[in-house]
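J.: Just passing along the structure, written as structure tokens.
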Amino acid sequence: MTDITEEAADQPPVWVPPPWEPPVAGTEVGHLLGALDRQRATFRWKADGLDADGLNARIGASTLTIGGLLKHLAVVEDEKFGVWLSGAPLGEPWLSMGGPPEGDDADVWIFTSATDDSPEDLYALYDGAVRRSHERLALALPNGGLDQPLRIDFGAYGHPSLRRLLFDLLEEYGRHTGHADLLREAIDGRVGEDPPPDWRPWPDNG
Numbered sequence: 157m158t159d160i161t162e163e164a165a166d167q168p169p170v171w172v173p174p175p176w177e178p179p180v181a182g183t184e185v186g187h188l189l190g191a192l193d194r195q196r197a198t199f200r201w202k203a204d205g206l207d208a209d210g211l212n213a214r215i216g217a218s219t220l221t222i223g224g225l226l227k228h229l230a231v232v233e234d235e236k237f238g239v240w241l242s243g244a245p246l247g248e249p250w251l252s253m254g255g256p257p258e259g260d261d262a263d264v265w266i267f268t269s270a271t272d273d274s275p276e277d278l279y280a281l282y283d284g285a286v287r288r289s290h291e292r293l294a295l296a297l298p299n300g301g302l303d304q305p306l307r308i309d310f311g312a313y314g315h316p317s318l319r320r321l322l323f324d325l326l327e328e329y330g331r332h333t334g335h336a337d338l339l340r341e342a343i344d345g346r347v348g349e350d351p352p353p354d355w356r357p358w359p360d361n362g
């Protein structure tokens, strides 16, 4: 699961957690954000280092690709922490790309257009969206915590809380990280629950 080393032969193994490991005993916020970042890191590792053929590879009748998942989750990050949390429009880089459209056509556009995007652009889209999510969440949490209502209104159901957003996003990542796991094993045999301890998901973001 994580890196275990031995400092000396007569010492018990010492657990050295990787930077994406959730806290062993922390606050509710710490556990939620830690679990989410672990999912992000695992997904990013499953997607890492592929060329265009790898990013566009499919299994059987499924239309899912790792490139499409990178683009889909980038949209989800910007939608949840931009549109839902702050009420801001989706904005760039999506406006310049001509999408995604509203409604059921959004995922069709995402997965279709991803085949035309370069690997560099797809990785940058996803990494940039995660960076923006970290920044937006850091600004929001001191102003109401997990109980604060989001800007999005679900009509008779009211405004969901930030806590609900984070749980929804964990569910989204759990599903799609599983998809990426199967795709990556079929592409080049990469398997495993966690990235190597010296791997970093967003080297440019710290």
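If you count the sequence shown from 1, position 179 lands on 335 in our numbering, and the numbers rise without skipping.
Backbone N, C-alpha and C define an ideal beta-carbon position, used for all residues, glycine too.
(1) Would Gly223 be called buried (16 or more neighbouring beta carbons within 10 Å of its own) or exposed?
(2) Between the Cα of Asp344 and the Cα atoms of Ala203, Gly182, Asp166 and Pro178, which residue gives the shortest distance?
(3) Restricting to Cα atoms, I'd like to know which of Ile215, His187, Pro174 and Gln167 is closest to His335.
(4) Say whether chain C places a C-beta atom closer than 8 Å to the C-beta of Gly223.
(5) Tell me where the alpha helix (DSSP H) around Trp265 begins and ends.
(6) Just curious, the beta strand (DSSP E) that Trp171 is in, first and last residue?
(7) Cα separation between Leu281 and Glu341?
(8) Since Ile308 contacts Trp240 with CB under 8 Å, what's their CB separation in whole angstroms?
(9) In angstroms with no decimal places, state the Cα-to-Cα distance between Gln304 and Glu349.
(10) Between Leu302 and Ser317, how many whole angstroms is the CB-CB distance? I'm expecting something under 8 Å.
(11) How is the alpha helix (DSSP H) around Glu276 delimited, first residue to last?
(12) Would Ala208 and Ser274 be called neighbours here (beta carbons separated by less than 8 Å)?
(13) Check Ser218 in the structure and name its three-state DSSP category.
(14) Kindly indicate the opening and closing residues of the alpha helix (DSSP H) around Asp303.
(15) Using DSSP's beta-bridge definition, name the partner residues of Ser317.
(16) Use the C-beta contact count for Glu184: other C-beta atoms within 10 angstroms, 16 or more gives buried, fewer gives exposed.
T.: Taking the definition as stated:
(1) If you draw a 10 Å sphere on the C-beta of Gly223, you find 16 or more other C-beta atoms in it, and that means buried.
(2) Per the Cα distances, Ala203.
(3) Nearest of Ile215, His187, Pro174 and Gln167 to His335, Cα basis: Ile215.
(4) No chain C appears in this structure, which consists of one protein chain only.
(5) Here the alpha helix (DSSP H) through Trp265 covers Asp261 to Ser269.
(6) It spans Val170 to Val172 - the beta strand (DSSP E) in which Trp171 sits, taken as one unbroken run.
(7) Going by the C-alpha atoms only, they are around 23 Å apart.
(8) Ile308 to Trp240, Cβ: 4 Å. Contact.
(9) One C-alpha to the other measures close to 33 Å.
(10) Right, their Cβ atoms sit about 6 Å apart.
(11) Looking at the DSSP string, the run of the alpha helix (DSSP H) that includes Glu276 is Pro275 to Ala296.
(12) Going by C-beta atoms, Ala208 is nearer than 8 Å to Ser274.
(13) Assignment of Ser218 by DSSP, reduced to helix, strand and coil, places it in the coil class.
(14) Unbroken run through Asp303: none, as it is neither H nor E.
(15) Paired residues: Pro305.
(16) Only exposed fits Glu184, as fewer than 16 other CB atoms lie within 10 angstroms of its CB.
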